[in-house]
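S.K.: Supplied in structure tokens, the structure appears directly below.
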Amino acid sequence: MKISGRDVGDGHPVFVVAEIGQNHQGSLEVAKRMIVKAKELGADCVKFQKSCLTAKFTRNALRKPYSGANSWGSTYGEHKAFLEFSLEDYKELQRFCAEQEILFSASAMDPVSLQQLLELRVPFIKIGSGDADNVPMLRTAAAATTIPLIVSTGMQSWSQVQNIHSIIKGHPSAALLHCISAYPTPPEQALLNLVPLYKRRFPELVVGYSGHELGLQLSVASVLAGARIVERHFTLDKSWKGTDHRASLDPEEFGRLVRYVRAVEGMNVEGERIVEVLSSVLEARDFNGEELALALRSVSGEDRKLLASEEACHRKLGKSLVFAGDFAKGHTLKEEDVAVKVSNPHGLSPTWYDQVVGRTVARDCRQDEPICGEDVAGSFG
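First residue of the sequence shown: 1, per UniProt numbering; consecutive thereafter.
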């Protein structure tokens, strides 16, 4: 695949993404400092997270009380609003990145944000793990064939990973990232050998790794396993307020990561040889042979499922099918009547989207209510 004119894939340099996400603390100035530092450290791209809150969350989810050390507001909606940049802010950051000669992009966290990012002509569209089962949005992103597409696969079953592949395989410039949505990811659940498995099963796609583990060695090992895109969360200070900072890399760590990736990206090794190579490449403080062996255990496709370590993230940010409007009992649901949002409480998985569209509503329902099996006619097997 090509990203902004550069080749990404086997035989080419690894594409390194500094995931700023919302570690900017809601400050444009902090975001710009992070961009400058990421460029200095050798990142190819900085990436943010673009959300339209009413398109991503139901009203109940936004009204949910949210208190604690990491909260920026009394409700989850207030908290997220504090951290969210406007579209004009994104345009300013995009211009700033161009001045710094580093690529700028963002994860599209909902359909509205996807359209905005397409209009911004970002160098690639990223669909994060929280939307990897969002069937209608995946289809929209896959149809935008003039912009490269990258999809993470955290919290997904092997069946859904195969479904993602079926949706995006026709895109001329697409990538699939192995990811575990646990902050931090325990080494024994890192499942790094899904990287070569993805490469064997989905040869038309570039394969990469989005890591949330503590330390550097698993991300470097993913490169030896075949990853050609590496994405890690980036922070200026791990002690800052926010839930992502602990599993992020600070500037010193990110600089070492880039150095290690460049040292191994041309190597072709597998299995136990990965441990051997990393024992000689990594500094002692970054190498733990026992944890590395756990992360490199043999896996099959059936190991890609919702893991115990991912359940907390899924409860908080996993999406559901919800009603997109008010409908009377007996109404036949059309595509535009079914939305995919973070819902409190949860409803049917978005993977049921095609099975729900076309069914009749079994009760009077209201906009943003989650769609459960008993809410529509027919059974779900």
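Yeah, the Cβ is synthetic: ideal placement off N, Cα and C, and Gly gets one too.
Computed from a prediction, not measured in an experiment: that's the story for all the values here.
1. Distance check for V195 and A31, CA to CA, integer angstroms please.
2. How about H331 and V299: are their beta carbons less than 7 Å apart?
3. I need the DSSP call for I371, collapsed to helix, strand or coil.
4. Would you report the Cα separation of Q115 and P187, rounded to the nearest angstrom?
5. Can you give the beta carbon distance from D131 to M155, rounded, assuming they're within the 8 Å contact cut?
6. Could you give the DSSP three-state label for C365: helix, strand or coil?
7. Quick one: give me the first and last residue of the alpha helix (DSSP H) that Q162 is part of.
8. What's the call for E335, buried or exposed, on a 16-neighbour Cβ count within 10 Å?
9. Measuring only the C-alpha atoms, how far is S349 from F15?
10. Do V338 and D368 count as a contact pair if the criterion is CB distance below 7 Å?
11. Please classify residue 409: is it buried, with 16 or more other beta-carbons within 10 angstroms of its beta-carbon, or exposed?
12. Would you report the Cα separation of H178 and R228, rounded to the nearest angstrom?
13. Going by Cα to Cα distance, which pick from R259, T235, V264 and R256 is closest to D250?
14. Might you give, ordered along the chain, the residues of its own chain that have their beta carbon closer than 8 Å to the beta carbon of R366, omitting 5 neighbours on each side?
15. Tell me the DSSP bridge mates of P65?
16. Per DSSP, which one or two residues make a beta bridge with A18?
17. Does K91 pass the burial test, meaning 16 or more other C-beta atoms within 10 Å, or should it be called exposed?
18. Kindly list the residues whose CB is nearer than 7 Å to the CB of A293, restricted to its own chain and excluding five residues on each side of it in sequence; keep chain order.
19. On a Cα-Cα basis, can you pick out the residue from G208, A174, P172 and H165 that is closest to I180?
20. Nearest-angstrom Cα distance between T145 and A225?
21. Assuming I125 is part of the alpha helix (DSSP H), what are its boundary residues?
22. Please classify D237 as buried or exposed, where buried requires at least 16 other C-beta atoms within 10 Å of its C-beta.
23. Could you spell out the range, first to last residue, of the beta strand (DSSP E) harbouring S320?
24. In its own chain, which residues sit with a C-beta less than 7 Å from the C-beta of L87, not counting the 5 before and 5 after it?
25. Thinking C-alpha only, which one of F124, S159, K39 and H79 is nearest R6?
26. For L348, does the three-state DSSP call read helix, strand or coil?
27. CA-CA distance, S105 and R363?
M.R.: To lay it out plainly:
1. 31 Å
2. The answer is no: Cβ separation not under 7 Å.
3. coil
4. 36 Å
5. Actually they do not touch by this definition, with Cβ atoms about 10 Å apart.
6. strand
7. W158 to I168
8. Classification of E335: exposed, given that the 10 Å Cβ count is below 16.
9. Each residue's alpha carbon lies about 32 Å from the other.
10. no
11. Since the first residue shown for the chain is 1 and the last is 381, residue 409 is missing from the structure and cannot be characterised.
12. 11 Å
13. For the options R259, T235, V264 and R256, the alpha carbon positioned closest to that of D250 is the one of T235.
14. Same-chain partners within the cutoff: F323 and D326.
15. According to DSSP, P65 bridges with T75.
16. According to DSSP, A18 bridges with V46 and R232.
17. The residue in question, K91, is exposed, as its Cβ has fewer than 16 Cβ neighbours within 10 Å.
18. V275
19. G208
20. 28 Å
21. Premise fails: I125 lies in the beta strand (DSSP E), I125 to I127, not in any alpha helix (DSSP H).
22. exposed
23. K319 to F323
24. Q116
25. F124
26. coil
27. 42 Å
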